[in-house]
Amino acid sequence: MFSFISVFLVLKASMLFCSLNEPKCFLRIKDKKNKDGDKEVDCFFSIYTKHGHMKNEHFSGNLDKQLTTKNIHLILSLYFAIEEINMSPHLLPNISLLVKVECKLLADGSKVSLSSRRGDYFPNYNCGNHRRYLIVLTGPMWLPTAMLGPLLYISRTPEVRRLYYGPFHPLLSSFEHFPYLYQIAIKDTSVAIGMVSLVIYFGWNWVGLMISDDGLGLQFASELREEMQRYDICLAFVTIITYNTKLFLTMTDTYYNQIMMSLAKAVIIFGDKDSLLQVIFRLWQFLDIRRIWVTTSQWDIITSNGEFLFNSFHGTLSFSHHYSEIAGFKEFIQTAHPLNYSNTISLAKLWWLNFNCFLSSSNCKSLKTCSRKMLLKWLSRNHFEMSMSDTSYNLYNAVYAVAHSLNELLLQQANTLSNNVGKGLEFDSLQVLSSLKNIHFVNPAGDLVNLNQKENMNINYDIFYTGNFLQSFGIKVKIGKFFKYFTHPQELLMYEELVDWATDVRQTLPSICSIPCHPGFRKSPQEGKAVCCFDCIPCPENEISNMTAHEEDFFMLP
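Sequence positions in the sequence shown follow mature numbering (1 follows the signal peptide of the UniProt record, and there is no 0) and run -18 to -1, 1 to 540.
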C-alpha cells in the first residue's frame, strides 16, 4: 500500500488550473483514523448585523475541536458566504453580517427546560450583548429543527424566525406547525422520474426499493411506482424500514433476505438518512451484497471505519440537484484555518476535491484496469479545487438569501442606517422572514436561487457514480444529467464514454426478471407473477416474431 504523502506529492506538482467544463471528477481520502466519519450534529447559526466593516472570529472558543469533519466543512461554507457578502460593495454596503455559531444544542435540551432566562440557549434577543438576532439558520438534520419549536416555547422565545438549510423535508413545510420556518432546499419533485429514466437507459426492468417508513419514503414510492408503470418496469420488492427500534431488531434478517433472494441487481434507496434506514446499511457494510445502489446525494456518507456507507463492489449511482462549483472556496479554507487545512491531503480528508477528468490523459480504457502508476500520472496533470456538499451549498445560499432580504428592506427604509449609526441595525425579524419567502437572486456561481417552492423551476439533476479508488480513496464521476422539462428520452443526457470508463454497470448481469425472448419466440406470462416475469415459448406454426421480447409482434409466413 502506498502512502498518502507519495500520492499528493505528485498532485502538488500540478500547475494546471481547473475549469468548470465537463467532464468532472471528484477525489476524497477515506480517513480511517476519523472515528466520527461523516457524522453530523445539529448546528444553529444566529445572524445579526452591525454598522461598518466587522470580521467574524472563525471557530472561536475551540469550536472545531468539538465538531465532526462534516460540520466543520459546513461552517466553513457559512463563513465563506458571509465574508464574500461583507466584502461586496453591492450588497449591504457599509453593513456587516455577523453570526453566532451554536452546535449540539439539542443535547442541552434538558438544561433548557430548567432555565427560565430568556435566550440562555436559544436566540431571539440577547440582553447581555444588546444584540438582536434577525434569523436562525437551522440544520442539517430535520428532526432537531422540528424539535426546536417546542424547546423555544419552553424557553419563552417561540417567535424566533428560522431558515432550514438541510435536505428538503415535507413535514417542515406545514405552516400550521411551523409558521416561522422556511426551507432553502429544493423539493425533489422529479427525482423518481429521473431514476426511472436511468433504469430504462441501462435496460433494467426488475429493481428493488428500500425506503424509510415515513411520508418522505412513502410519497416517493408512490411516485416511483406510477412512473414505472408507464414503461412496464416492475418492483421486485419494496422494503420499508420501520422507525420502531424493537421491531427493527427482529426484522433485520428479513430485510437482508429480501435483497439476497431477489433477482434484482439494482436497488433504489430513498428516505430519511438519519433514520434506521442508515443503520441497516451500517450493519451490512462488511457483507458481500453485490448490488448497484441508486440513491440521492444526501447518502454520500463515509462511516467511522473509513468506508462508504454503500460499500458495494459495483459502486453507487446518485442524483444531486445541479449547481455550479463555487470559485475561491479552497483558498478561503486555507486562509481561515491554515493550521488544519494547509495542504491537499488535509483538504481531501475534509470533503471531495473536484478536478477535470479528461479521459485522453489517463490512457486507460477503464478505471479498474488502470495501473497505479498510470493513475498517479493522470492525477498529476490536474489541479484540485474544494467542492461543497449539497447541504453546504444550501447553507451558502441561505446566507445570501438573508443578505438579499436585508438589502431589500434597507432600500425600503433608507433612513435606517442614519438613525442607528453606532447602535447596530434595527431590522425587524418578522420583516426579514416575510421578505425571504419571495426572494430570488442569482448567486456568485451564476445559479438562480428562489425560495418560493411553487415557482422554483430549478429541478435539474446531476448523476454521479461513486466507488472505491486506489484502496484508500473514493472517486466520484459525473456521468450524466437529467432535465425534467425535456421529453423522454431527451430528458436524460449520459456521457457514454464516462459511463464505460468509470463504471462496470454494463458488464454486470442486467437487473431483469426474465431474459428477453429471441426472434421466433414470444412471451408467455407467468401465473401470479409481475408482467416483467415471463417464459419464452415458440411462436405458433406459420407465424414468427421479428422482434425480441414482444408478445404480439409477429406476422404470418406465406
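All residues carry an ideal CB built from backbone N, CA and C; glycine is no exception.
Asked: Name the DSSP bridge partner or partners of Ile222?; Found: Ile193
Asked: When the Cα atoms are used, what is the spatial distance from Ser348 to Gly297?; Found: 14 Å
Asked: Indicate whether Phe301 and Leu9 have their beta-carbon atoms separated by less than 8 Å.; Found: no
Asked: Leaving out five residues before and five after Lys419 in sequence, what residues of the same chain have Cβ atoms less than 7 Å from its Cβ?; Found: Tyr164, Leu433 and Asn434
Asked: Can you find the residues in the same chain that come closer than 7 Å, C-beta to C-beta, to Leu491, ignoring five residues on each side of it along the sequence?; Found: Lys247
Asked: If you draw a straight line from the C-alpha of Arg212 to the C-alpha of Glu205, how long is it?; Found: 11 Å
Asked: Apart from the five residues on each side of it in sequence, which residues of its chain come closer than 8 Å, Cβ to Cβ, to Tyr375?; Found: Ser59, Tyr305 and Ile308
Asked: Out of curiosity, what's the CA-to-CA distance linking Ile441 and Asn38?; Found: 34 Å
Asked: From His303 to Val178, what distance separates their C-alpha atoms?; Found: 16 Å
Asked: Here's the rule I'm using: 16 or more other beta-carbon atoms within 10 Å means buried, otherwise exposed. How should Ile67 be labelled?; Found: buried
Asked: Which of the three DSSP states, helix, strand or coil, is assigned to Asp256?; Found: coil
Asked: State yes or no: is the C-beta of Ile222 within less than 8 Å of the C-beta of Gly199?; Found: yes
Asked: How long is the line joining the alpha carbons of Phe219 and Met370, rounded to whole angstroms?; Found: 35 Å
Asked: Which residue wins for smallest C-alpha separation from Tyr115, given the options Leu79, Leu130 and Thr127?; Found: Leu79
Asked: Just reading off the alpha helix (DSSP H) that Gly176 is part of, what are its end residues?; Found: Val173 to Tyr183
Asked: Sorry if obvious, but does the Cβ on Thr127 come closer than 7 Å to a heavy atom of the ligand MG?; Found: Among the ligands in the structure shown, none appear at all, so the ligand MG cannot be discussed.
Asked: Closest to Lys86 by C-alpha separation, out of Asn226, Thr234 and Cys25, would be which residue?; Found: Cys25
Asked: Run through the DSSP bridge pairs and tell me what His303 is partnered with.; Found: Tyr443
Asked: Note down, in chain order, each residue of its chain lying with its Cβ closer than 7 Å to the Cβ of Glu289, except the 5 sequence neighbours on either side.; Found: Lys12 and Gln267
Asked: Leaving out five residues before and five after Leu259 in sequence, what residues of the same chain have Cβ atoms less than 6 Å from its Cβ?; Found: Ser194, Ile223 and Gly253
Asked: Cα separation between Val142 and Ile215?; Found: 47 Å
Asked: Let me know the secondary structure DSSP gives Ala427 once reduced to three states.; Found: coil
Asked: Over what stretch of residues does the beta strand (DSSP E) that includes Leu335 continue unbroken?; Found: Leu335 to Asn338
Asked: Please name the residue or residues paired with Trp186 in a DSSP beta bridge.; Found: DSSP, once it has assigned bridges, lists no residue as partnering Trp186.
Asked: Using a threshold of 8 Å, state whether the C-beta atoms of Met243 and Ile315 are closer than that.; Found: no
Asked: Are the segment 115 to 126 and the segment 145 to 155 in contact at 8 Å, needing three or more beta carbon pairs?; Found: yes
Asked: Tell me which same chain residues have a C-beta within less than 8 Å of the C-beta of Phe184, skipping the five on either side of it?; Found: Ala248, Val487, Arg488, Pro492 and Ser493
Asked: Quick check on the burial criterion: 16 or more other C-beta atoms within 10 angstroms. Buried or exposed for Asp282?; Found: buried
Asked: Any idea what DSSP makes of Arg272, helix, strand or coil?; Found: coil
Asked: Quick check: the Cα distance between Val384 and Ser411, rounded to an integer number of angstroms?; Found: 11 Å
Asked: If I follow the unbroken alpha helix (DSSP H) through Tyr238, where does it start and stop?; Found: Thr227 to Met242
Asked: How is Asn389 classed by DSSP in three states: helix, strand or coil?; Found: helix
Asked: What would DSSP say about residue 563, mapped onto helix, strand or coil?; Found: Residue 563 lies beyond the range of the chain shown here (-18 to 540); nothing can be said about it.
Asked: Have a look at Tyr447, Ile251 and Ile241 and flag the residue whose alpha-carbon is nearest the alpha-carbon of Arg270.; Found: According to the sequence shown, residue 270 is Asp rather than Arg. Residue Ile241 is the option with its Cα nearest to Asp270.
Asked: Note down, in chain order, each residue of its chain lying with its Cβ closer than 8 Å to the Cβ of Thr234, except the 5 sequence neighbours on either side.; Found: Ile262 and Leu265
Asked: Please confirm whether Lys17 and Ser328 have their CB atoms less than 8 Å apart.; Found: no
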